[in-house]
Amino acid sequence: MTSKRRLSLDLSPLRTSRDFRLVFIAGLVTAFGSFISYVTIPYQVAKLTDDPLMVGLIGVCELLPLFIMSFVGGALADYIDRRLLVWGSEAALAAICGILLINSLSDEPHLWLLYVAAFLTAAVAGLQRPALQAMVPRLVKPEELPATMSLQSLSMQFAQLAGMPLAGILLAAFDLAWVYAFDLLTFAVSLVCLFLVKAVPPPVAADRPSVKSVVDGLKYAKSRPELLGTYLVDINAMFFGMPAALYPFLAEDLGGPRVLGLLYASPAVGSLLATIGSGWTARVHRHGLMVLIAAALWGVGIVGVGLSTTLWLTLFCLAFAGAADMVSGLFRMIIWNQTIPDHLRGRLAGIEMLSYTTGPLLGQLRAGAMARTGLGVAGAIWVGGALCVAGSLALAAALPKFLRYNGEHGMALKKAADDEWNATAASRTGRPLT
Numbered sequence: 045m046t047s048k049r050r051l052s053l054d055l056s057p058l059r060t061s062r063d064f065r066l067v068f069i070a071g072l073v074t075a076f077g078s079f080i081s082y083v084t085i086p087y088q089v090a091k092l093t094d095d096p097l098m099v100g101l102i103g104v105c106e107l108l109p110l111f112i113m114s115f116v117g118g119a120l121a122d123y124i125d126r127r128l129l130v131w132g133s134e135a136a137l138a139a140i141c142g143i144l145l146i147n148s149l150s151d152e153p154h155l156w157l158l159y160v161a162a163f164l165t166a167a168v169a170g171l172q173r174p175a176l177q178a179m180v181p182r183l184v185k186p187e188e189l190p191a192t193m194s195l196q197s198l199s200m201q202f203a204q205l206a207g208m209p210l211a212g213i214l215l216a217a218f219d220l221a222w223v224y225a226f227d228l229l230t231f232a233v234s235l236v237c238l239f240l241v242k243a244v245p246p247p248v249a250a251d252r253p254s255v256k257s258v259v260d261g262l263k264y265a266k267s268r269p270e271l272l273g274t275y276l277v278d279i280n281a282m283f284f285g286m287p288a289a290l291y292p293f294l295a296e297d298l299g300g301p302r303v304l305g306l307l308y309a310s311p312a313v314g315s316l317l318a319t320i321g322s323g324w325t326a327r328v329h330r331h332g333l334m335v336l337i338a339a340a341l342w343g344v345g346i347v348g349v350g351l352s353t354t355l356w357l358t359l360f361c362l363a364f365a366g367a368a369d370m371v372s373g374l375f376r377m378i379i380w381n382q383t384i385p386d387h388l389r390g391r392l393a394g395i396e397m398l399s400y401t402t403g404p405l406l407g408q409l410r411a412g413a414m415a416r417t418g419l420g421v422a423g424a425i426w427v428g429g430a431l432c433v434a435g436s437l438a439l440a441a442a443l444p445k446f447l448r449y450n451g452e453h454g455m456a457l458k459k460a461a462d463d464e465w466n467a468t469a470a471s472r473t474g475r476p477l478t
């Protein structure tokens with residue numbers, strides 16, 4: 045019984061924090077709908093063009109706005125009410141979903157509009173995600189952060205696990221408009237929940253958004269080898285190992301649209317199992333080592349996907365890869381949330397967002413381009429997985445401080461930085477901080 049408790053998911057943040065419960069519900073519901081559209085947009089592009097590179101170009105359209113707006117969103121998250129920024133961005137995402145719905149009702153849907161929607165969605169996400177990531181640590185106790193990260197991951201994986209197979213069923217049975225309409229409906233729930241969350245004001249004496257404040261965040265990230273390690277390891281894993289752009293074409297060989305949803309959802313099955321059994325992560329302090337091992341295992345799973353010729357083995361390998369990626373993600377989030385000072389949390393969240401989004405976006409382009417060569421779809425997948433493993437080993441050798449990083453030392457760094465900031469802010473404002 046004791047071992048089961050050690051492995052089981054800790055639900056205490058949901059019990060102790062009303063505002064975290066609301067954020068959790070909002071994230072779960074909106075992610076459920078968004079994952080349906082995540083499957084639908086590449087499917088619609090694939091149907092309109094029958095070209096894997098055109099599907100991969102969705103990632104290119106998302107990259108530039110994401111790169112720019114993540115810095116803007118991070119700076120704003122350290123200066124204004126984080127809850128307000130999250131809510132406003134959610135409303136903008138709902139409006140973009142409405143545009144996709146209207147386009148799908150046309151007799152001849154516009155391909156260019158799908159790319160514009162991808163561009164705008166990435167821009168708004170760049171504003172929202174840093175604020176959301178910086179807000180959550182303020183809603184729970186510091187010792188509850190590992191459990192909080194696991195719960196947030198659980199909600200995302202459950203939404204992916206349920207939303208993506210449903211997308212395949214809806215695409216096979218209904219018009220595209222019904223799929224986008226369902227996503228739009230989920231935004232109504234998330235907007236209400238986020239509206240009920242109490243204000244999350246910025247830190248006292250917060251830095252005004254500027255180029256200098258962004259540069260200060262970059263300098264801080266550069267000064268922390270363990271942070272650089274989390275960024276580089278994930279970019280390597282996703283750039284070489286992300287095969288999502290090829291799923292519509294892989295599905296054609298394995299069973300058609302109904303299989304497409306299973307391909308997208310299988311990594312979530314592994315992620316969900318890893319999250320449910322994540323109680324052990326709170327007792328492991330070699331966070332950098334765990335990130336590196338998990339990233340290499342993600343690559344091993346992707347190699348299996350590329351070499352597989354049967355549906356069941358493909359789904360198993362994707363689930364294995366998803367479990368490994370979740371372990372990597374949990375330890376990266378623990379490093380970020382337990383060690384970064386609050387007054388820099390928004391700006392660093394913007395950098396984190398770049399690290400875990402640019403890799404997959406560029407990876408989609410990489411996969412699409414390689415698939416057009418003699419490698420084909422399967423070759424582009426397994427070669428990418430092998431390069432991911434090689435890159436993880438190379439980073440382990442190149443980043444010895446990250447490999448040796450101990451989480452207990454990181455928590456002490458955060459406390460010292462917060463104390464120094466509060467003392468400085470007290471001298472600037474002329475009053476003690478509580």
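Everything in the sequence shown is counted per our numbering, starting at 45 for the first residue and increasing by one.
Positions of the beta carbon are idealized from the N, C-alpha and C atoms, including for glycine.
1) Am I right that I80 and F226 are in contact with their C-beta atoms under 8 Å? What's the rounded C-beta distance?
2) Kindly list the residues whose CB is nearer than 7 Å to the CB of L176, restricted to its own chain and excluding five residues on each side of it in sequence; keep chain order.
3) Quick check on DSSP: helix, strand or coil for L55?
4) Please report the Cβ distance between Q204 and A309, rounded to the nearest whole angstrom; I am assuming they are in contact, meaning their Cβ atoms lie under 8 Å.
5) Just mark S22 as buried or exposed, buried being the case when its beta carbon has 16 or more other beta carbons within 10 Å.
6) Measuring straight from C-alpha to C-alpha, what distance separates K242 and M193?
7) Hey, would you say L144 sits closer than 8 Å to Y87, going by beta carbons?
8) Between the region 149-163 and the region 377-395, do at least 3 Cβ pairs fall closer than 8 Å?
9) With contact counted as at least three CB pairs below 8 Å, one residue from each stretch, are the region 385-403 and the region 244-260 in contact?
10) Give me the Cβ distance between A318 and G345, rounded to the nearest whole Å; I'm assuming they're in contact under 8 Å.
11) Please list the terminal residues of the continuous alpha helix (DSSP H) segment that includes W324.
12) Taking the alpha-carbon positions, what's the L120 to P109 distance?
13) Where do the ends of the alpha helix (DSSP H) carrying A288 lie?
14) Taking only three categories from DSSP, how would you classify Y159?
15) At a threshold of 7 Å, does F364 count as lining the ligand GDP (C-beta to nearest heavy atom)?
16) According to the Cβ coordinates, are S372 and A393 closer than 8 Å?
17) What is the rounded straight-line gap between the Cα of T29 and the Cα of V180?
18) Can the beta-carbon of L439 be found less than 8 Å from the beta-carbon of V277?
19) Using C-beta distances below 8 Å, list every residue in its chain close to Q408, excluding the 5 sequence neighbours before and after it, in chain order.
20) Residues in the same chain with beta-carbon distance under 8 Å from L272, minus the five sequence neighbours each way, listed in chain order, please.
21) Rounded to whole angstroms, what is the Cα-Cα separation between L357 and V349?
22) Can at least three beta-carbon pairs, one atom from the region 327-334 and one from the region 412-426, be found at a separation below 8 Å?
23) If distances are taken between C-alpha atoms only, which option among I112, G212, R448 comes closest to L307?
24) If you run the structure through DSSP and keep just helix, strand and coil, what is Y264?
25) Report the start-end ranges of each alpha helix (DSSP H) in the region 375-422 that is 4 residues or longer and not cut off at the edges.
26) Tell me whether E187 is buried or exposed, calling it buried when 16 or more other Cβ atoms sit within 10 Å of its Cβ.
27) Is the CB-CB distance between F64 and V168 below 8 Å?
28) Quick check on T165: buried or exposed, where buried means 16 or more other Cβ atoms within 10 Å of its Cβ?
29) What's the gap between the Cα of V255 and the Cα of E152?
30) Within a Cβ cutoff of 7 Å, which residues of the same chain sit near V433, ignoring the five residues on either side of it in sequence?
31) Looking at the structure shown, is F122 part of a helix, part of a strand, or coil, going by DSSP?
32) R410: which of W426, P301, M397 sits nearest, CA to CA?
33) Within the region 302-365, note down every full alpha helix (DSSP H) run reaching 4 residues or more, in order along the chain.
34) Where does the unbroken alpha helix (DSSP H) through K242 begin, and where does it stop?
35) Would you decide whether A460 is buried or exposed? Buried here means 16 or more other CB atoms lie within 10 Å of its CB.
36) Can you grab the Cα-Cα spacing for the pair D219 / I379, in whole Å?
Let's see:
1) The sequence position of residue 80 within the sequence shown is 36, counting from 1. The sequence position of residue 226 within the sequence shown is 182, counting from 1. Contact flag correct, Cβ pair sits at about 6 Å.
2) Working through the sequence shown from its first residue, we reach residue 176 at position 132. Excluding positions up to five away in sequence, the list reads V130.
3) Residue 55 sits at position 11 when you count from the first residue of the sequence shown. L55 falls in the coil class under three-state DSSP.
4) As a working mapping, residue 204 is identified with position 160 in the sequence shown. As a working mapping, residue 309 is identified with position 265 in the sequence shown. Contact holds; Cβ gap of about 6 Å.
5) Missing from the structure shown is residue 22; the chain here goes from 45 to 478 and no further.
6) Here residue 242 is taken as the residue at index 198 of the sequence shown, counted from 1. Here residue 193 is taken as the residue at index 149 of the sequence shown, counted from 1. Near 20 Å, if we compare the C-alpha coordinates of M193 and K242.
7) The sequence position of residue 144 within the sequence shown is 100, counting from 1. The sequence position of residue 87 within the sequence shown is 43, counting from 1. Contact flag unset, no.
8) no
9) yes
10) Within the sequence shown, the letter at position 274 stands for residue 318. Within the sequence shown, the letter at position 301 stands for residue 345. Actually they do not touch by this definition, with Cβ atoms about 12 Å apart.
11) Walking along the sequence shown from the start, residue 324 turns up at place 280. Run containing W324: none; DSSP gives neither H nor E here.
12) Numbered from 1 along the sequence shown, position 76 holds the residue referred to as residue 120. Numbered from 1 along the sequence shown, position 65 holds the residue referred to as residue 109. Approximately 16 Å between the Cα atoms of the pair.
13) The sequence position of residue 288 within the sequence shown is 244, counting from 1. Segment: none, A288 is in no alpha helix (DSSP H) and carries neither H nor E.
14) The sequence position of residue 159 within the sequence shown is 115, counting from 1. Y159: helix per DSSP, three-state reduction.
15) Because no ligand of any kind appears in the structure shown, any question about the ligand GDP cannot be addressed here.
16) Taking the sequence shown and counting its residues from 1, one reaches residue 372 at position 328. Taking the sequence shown and counting its residues from 1, one reaches residue 393 at position 349. No, the pair does not count as a contact, with Cβ atoms beyond the cut-off.
17) Residue 29 cannot be examined here, being either before or after the span of the chain that is shown, 45 to 478.
18) Locating residue 439 in the sequence shown gives position 395, counting from the first residue. Locating residue 277 in the sequence shown gives position 233, counting from the first residue. Yes. Within cutoff.
19) Counting from 1 along the sequence shown, the entry for residue 408 is found at position 364. So the qualifying residues of the chain are V99, G100, I102, G103, M286, A288, A289.
20) Here residue 272 refers to the residue found at position 228 of the sequence shown. Answer for L272: A265, K266, L443, F446, listed in chain order.
21) Your numbering for residue 357 matches position 313 in the sequence shown. Your numbering for residue 349 matches position 305 in the sequence shown. Each residue's Cα considered, the two are about 8 Å apart.
22) no
23) Numbered from its first residue, the sequence shown carries residue 307 at position 263. Cα-wise, what sits closest to L307 is G212.
24) Locating residue 264 in the sequence shown gives position 220, counting from the first residue. DSSP places Y264 in helix when its eight states are reduced to three.
25) 389-415
26) On the sequence shown, residue 187 is found 143 positions in, with the first residue counted as 1. Answer is exposed; the Cβ neighbour count stays below 16.
27) Position 20 of the sequence shown, counted from the first residue, corresponds to residue 64. Position 124 of the sequence shown, counted from the first residue, corresponds to residue 168. No, the pair does not count as a contact, with Cβ atoms beyond the cut-off.
28) As a working mapping, residue 165 is identified with position 121 in the sequence shown. Classification for T165: buried.
29) Position 211 of the sequence shown, counted from the start, is the residue given in the question as residue 255. Position 108 of the sequence shown, counted from the start, is the residue given in the question as residue 152. For V255 and E152, the distance between alpha carbons rounds to 43 Å.
30) Within the sequence shown, numbered from 1, the residue matching residue 433 stands at position 389. Excluding positions up to five away in sequence, the list reads A340, G343, V344.
31) Position 78 of the sequence shown, counted from the first residue, corresponds to residue 122. With the sequence shown as reference, residue 122 is identified as Asp, and Phe is not the correct amino acid for it. The answer is coil: DSSP assigns D122 none of H, G, I, E or B.
32) Reading the sequence shown from its first residue, position 366 is the one you call residue 410. It is W426 whose Cα lies nearest to the Cα of R410.
33) 331-351
34) Your numbering for residue 242 matches position 198 in the sequence shown. No alpha helix (DSSP H) holds K242; DSSP gives it neither H nor E.
35) Within the sequence shown, residue 460 is the residue found at index 416, counting from 1. So A460 counts as exposed.
36) Within the sequence shown, the letter at position 175 stands for residue 219. Within the sequence shown, the letter at position 335 stands for residue 379. Roughly 44 Å separates the two Cα atoms.
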